[in-house]
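**Q**
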Amino acid sequence: MNTIDTTLSVLVAADHADAADSLAQIVALRGHRPRVARNGRDALRLAAEAPPDLAILDLMMPDVDGWAVARRLNATARPPVIAAVTGRDDRASRNLSTGAGIWFHFVKPVDPGVILNLLDWAVRTRGSARPEGAPPE
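FYI, full-length UniProt numbering numbers position 12 of the sequence shown as 12, with every residue one higher than the one before it.
(1) Is DSSP giving Arg71 helix, strand or coil here?
(2) Where DSSP assigns a beta bridge to Val36, which residues make up the other side?
(3) Just tell me which of Arg91, Asn39, Val10, Arg94 has its CA closest to the CA of Pro62.
(4) Looking at the structure shown, is Ile102 part of a helix, part of a strand, or coil, going by DSSP?
(5) Could you give the DSSP three-state label for Val81: helix, strand or coil?
(6) Please list the terminal residues of the continuous alpha helix (DSSP H) segment that includes Ala50.
(7) How big is the Cα-Cα spacing for His16 and Asp5?
(8) Among Asp120, Arg126, Ala24, whose alpha-carbon lies nearest the alpha-carbon of Arg78?
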């Protein structure tokens, strides 16, 4: 009998340790494999070593921002689903997110249930062309 692997590789990139660790704990709580980067440069290195299924990015990292990381991830052979977790809720930031290929732009504080729903949605839609619509909130 074939079994479907429902475990995701999730890249979490945020320069604030508490935020990154909290997101990684939520990811692990659902049984997925988080990999944590504390800056954009390390996020790109980790993604090159093992391409993630999902990337959760802080947009305002000091060295390489989340938008630049997203553009680079989207240029790979197997781009992940990309979500931003940010304090920026202005139209310009959302437009930059869309332009960088970020699928979901979540504004802090993000309820853990939203991240859990994102993970469940990513499992259900894994391997599909970019689906329309957001995961349920």
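Ideal Cβ positions, reconstructed from N, Cα and C, are used throughout, including at glycine. In this text the structure is predicted, and so the values were computed from the model without any measurement.
**A** Taking the coordinates as given:
(1) helix
(2) Val12
(3) Asn39
(4) coil
(5) strand
(6) It is not in any alpha helix (DSSP H) - Ala50 carries neither H nor E in the DSSP assignment.
(7) 31 Å
(8) Arg126
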